[in-house]
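**Q**
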Amino acid sequence: MSSADEFDFDVVVIGGGSAGYAAASATARGGLRTVVVEGGREVGGLCILRGCMPTKALLYAAEVKHLAGHAATWGIQVPEVRFDFAQVMARKNAMIADFAGYRRQQLESGRFKFIRANARFVSPHTVELDSGQRLTSAHFVLSTGSVVSTPPLPQLNSVGFLTSDDAMALERLPKSLIMLGGGAVAVEFAQFFARFGVRVTLLQRSGHLLRDFDPDAAQVIETVFRREGIELITGTRLLDARCEGGLKHVTFEHDEQTRTVAAEEIFHGLGRSPNTGGLALPQAGVTTDKHGRIATNTQMQTSAPHIFAAGDCTGPHEIVHVAIQQGEAAAHNILHPQSPRSLDYRLLTCVVFTDPQVACAGLSEVQARAQGREVIVASYPFADHGKSLLMEAKDGFVKLLADPRTGEILGGACVGPVGGELIHEIVAAMCKRMTAGELAAMPHYHPTLAEIWTYPAEELAARVQS
Ligand SMILES: Cc1cc2nc3c(=O)[nH]c(=O)nc-3n(C[C@H](O)[C@H](O)[C@H](O)COP(=O)(O)OP(=O)(O)OC[C@H]3O[C@@H](n4cnc5c(N)ncnc54)[C@H](O)[C@@H]3O)c2cc1C
0 MSSADEFDFD VVVIGGGSAG YAAASATARG GLRTVVVEGG REVGGLCILR GCMPTKALLY
60 AAEVKHLAGH AATWGIQVPE VRFDFAQVMA RKNAMIADFA GYRRQQLESG RFKFIRANAR
120 FVSPHTVELD SGQRLTSAHF VLSTGSVVST PPLPQLNSVG FLTSDDAMAL ERLPKSLIML
180 GGGAVAVEFA QFFARFGVRV TLLQRSGHLL RDFDPDAAQV IETVFRREGI ELITGTRLLD
240 ARCEGGLKHV TFEHDEQTRT VAAEEIFHGL GRSPNTGGLA LPQAGVTTDK HGRIATNTQM
300 QTSAPHIFAA GDCTGPHEIV HVAIQQGEAA AHNILHPQSP RSLDYRLLTC VVFTDPQVAC
360 AGLSEVQARA QGREVIVASY PFADHGKSLL MEAKDGFVKL LADPRTGEIL GGACVGPVGG
420 ELIHEIVAAM CKRMTAGELA AMPHYHPTLA EIWTYPAEEL AARVQS
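So this is what it looks like as structure tokens:
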């Protein structure tokens, strides 16, 4: 590591979210003089304050309410399921305050310096803080996260809309809501609102929800959503938004016709963009790609070799464990430039916390086709599996992809009960490059949801060309 005494620090980490904290912990552990500069109103980062953790707290509450409403399935009488939205939010807030408090303690633990300020570059080795103070450093890690994207229609700015950030602070539920978007955040919130009695209309541009997943996975969620009363309109093009008669109206094109839907509230769930605007990147010689993400090589090194980036500000996957891996890789490569570590997305795992959950790891069928890669595929439905039948969790399936010659598992998908947990069996199998035959032979306790993997694994093992 080329530390130079003329600098105030060996490493300045800009942004104290998941990626920044991971990077700073690792460089400090490696003995480097490290400082984290965090300029947000609150300390904790997106995952804790307004991302993974609060949304999953709310979705779990929605699932409990849903199960209570269906208790008669198991012979349990719940005369009337009622809820207190203020209490739902209060429990979520208490959990988040705890998690954020713990993260603050970690940041202030003294292992590295922690400064509350926004930082921007004034030269390749110098940043200036809000206070005017300047810090110089041999290396930097940029981990400034993301911001809600600009709304797809400028009219939405005057009409007004909710974002996932706003939804975290809602004091009352709207009666009706138009959800714009069909990605993970949009579908999770759509089901949350619908299960708490909000009339939801979801408008999605592409032909299916969750376009990053195989269409068979999306179809399950579309079926469940329609059954739960969510109005889904896919293949739309937004045209206009306006307020009229106390409601918010969205006009769009669908099936070559112009249609309008109205609701009390609009939710902009169309994604987030890298948060790089305040960094003055050109002063440091750091470039961005066409999506505005900080461009890096696989070692998380930017166009300025002493500056690294990690997390949502560089992407391409807005997933917290990936942000942490990137932060750790950046730290490793600052500490050990002679034996650099590269990010490898072979085991990329994605989970959407709807009910049923949607999870995938490794290669999908669509990706295999796009790459021209030959695979064998087998799937098995939860509607034909003992444990899920007991649970009345019959929507969805598991699917495995394997190499036709070696039988190595190349990917998996699980749409079903606790799919986000079940997919980790496939991540472990792929991590150790197991074959479908080895997975099928591995003991599985009965009756469990996990044993469902043995069915596609056995089928694929029988089809491997010997
Ligand atoms: C609603 C929602 C649900 C999600 N659910 C999941 C999920 O279930 N699972 C999952 O894996 N991912 C989920 N994500 C994504 C996940 O939260 C992010 O990928 C992850 O938190 C990104 O971490 P980060 O460190 O890159 O950024 P952040 O945690 O956003 O940290 C960036 C930090 O940089 C600070 N900062 C910005 N600019 C400056 C500056 N100039 N100077 C100083 N500080 C600055 C900010 O204040 C912020 O604290 C969700 C996201 C959303 C929005």
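Numbering that gives the first Met the number 0 numbers the first residue of the sequence shown as 0 and each following residue consecutively.
Where a beta carbon is used, it is the ideal one built from N, C-alpha and C, also for glycine.
Note that the structure is a prediction, hence the values are computed from the model and not measured.
1) Between which two residues does the alpha helix (DSSP H) harbouring residue 344 extend?
2) Taking 7 Å as the limit between beta carbons, can you name the residues of its chain near residue 432, skipping five residues before and five after?
3) Quick check on residue 130: buried or exposed, where buried means 16 or more other Cβ atoms within 10 Å of its Cβ?
4) Is the beta carbon of residue 360 within less than 7 Å of some heavy atom of ligand 1?
5) Would you say residue 351 and residue 186 are within 8 Å of each other, going by their C-beta atoms?
6) Excluding sequence positions up to five away, which residues of its chain have a Cβ less than 8 Å from the Cβ of residue 403?
7) How many Å lie between residue 246 and residue 158 at the Cα?
8) Just the Cα atoms here: how many angstroms apart are residue 178 and residue 258?
9) Any heavy atom of ligand 1 inside 7 Å of the beta-carbon of residue 352?
10) Could you give the C-beta distance for residue 251 and residue 235, rounded to a whole number, given that I count them as a contact under 8 Å?
11) Compare the C-alpha of residue 286 against each of 80, 313 and 361 and name the closest.
12) Taking one C-beta from the stretch 135-150 and one from the stretch 4-17 each time, how about it: are there three or more such pairs within less than 8 Å?
13) On the three-state DSSP scale, how would you describe residue 97?
14) Around the C-beta of residue 1, are 16 or more other C-beta atoms found within 10 angstroms, so that it is buried, or is it exposed?
15) Just list the alpha helix (DSSP H) runs in the stretch 58-126, keeping only unbroken ones of 4 residues or longer that don't cross its boundaries, in chain order.
16) Which residues in the same chain have their Cβ closer than 7 Å to the Cβ of residue 346, if we skip the five residues on either side of it in sequence?
17) Quick check on the burial criterion: 16 or more other C-beta atoms within 10 angstroms. Buried or exposed for residue 76?
18) What three-state label does DSSP hand residue 1 in the structure shown?
19) Sorted by chain position, which residues of the same chain lie with C-beta nearer than 8 Å to residue 394's C-beta, five sequence neighbours on each side aside?
20) Leaving aside the five residues before and after residue 192 along the sequence, list all residues of the same chain whose C-beta is less than 6 Å from its C-beta, in chain order.
21) In whole angstroms, give me the CA-to-CA distance for residue 447 and residue 10.
22) Would DSSP call residue 321 helix, strand or coil?
23) Kindly examine ligand 1 and report whether one of its heavy atoms sits closer than 7 Å to the Cβ of residue 445.
24) Quick check: is any heavy atom of ligand 1 less than 7 Å from the C-beta of residue 318?
25) Give every residue of the same chain whose Cβ lies closer than 8 Å to the Cβ of residue 209, excluding the five residues on either side of it in the sequence, and list them in chain order.
26) Could you check if residue 256 is buried or exposed, using at least 16 other CB atoms within 10 Å of its CB as the buried criterion?
27) Closer than 6 Å by C-beta to residue 341: which residues in its own chain qualify, once you throw out the five before and the five after it? Chain order, please.
28) Answer yes or no: do residue 232 and residue 207 have a C-beta to C-beta separation smaller than 8 Å?
29) Answer with buried or exposed for residue 467, where buried requires no fewer than 16 other C-beta atoms within 10 angstroms of its C-beta.
30) Take every Cβ of the stretch 235-244, pair it with every Cβ of the stretch 88-108, and state whether three or more of those distances are shorter than 8 Å.
31) Assuming residue 396 is part of the beta strand (DSSP E), what are its boundary residues?
32) On the criterion of 16 or more Cβ atoms from any shown chain inside 10 Å, does residue 300 qualify as buried, or is it exposed?
33) Report back the beta-carbon spacing between residue 409 and residue 377 to the nearest angstrom; my notes put them in contact at under 8 Å.
34) Where do the ends of the beta strand (DSSP E) carrying residue 175 lie?
35) Is DSSP giving residue 300 helix, strand or coil here?
36) How should residue 391 be labelled, buried or exposed, when 16 other C-beta atoms within 10 angstroms of its C-beta is the threshold for buried?
**A** Reading it off the structure:
1) No alpha helix (DSSP H) holds residue 344; DSSP gives it neither H nor E.
2) 407
3) exposed
4) no
5) yes
6) 373, 374, 375, 462, 463 and 464
7) 10 Å
8) 15 Å
9) yes
10) 4 Å
11) 313
12) yes
13) helix
14) Reliability fails at residue 1, whose pLDDT of 45 lies under 50, so the model's placement of it is uncertain and no value is given.
15) 84-106
16) 360, 361, 426, 429 and 430
17) exposed
18) Reliability of the predicted coordinates at residue 1 is poor, the pLDDT of 45 falling under 50, and no value is obtained from them.
19) 219, 222, 223, 355, 381, 382, 414 and 415
20) 176 and 199
21) 48 Å
22) helix
23) no
24) yes
25) 181, 182, 183, 186, 216, 217, 220, 351 and 357
26) exposed
27) 297 and 298
28) no
29) Coverage of the chain is limited to positions 0 through 465, which leaves residue 467 absent and any answer about it impossible.
30) no
31) 396-401
32) buried
33) Wrong, their Cβ atoms sit about 12 Å apart, outside the cutoff.
34) 175-179
35) strand
36) exposed
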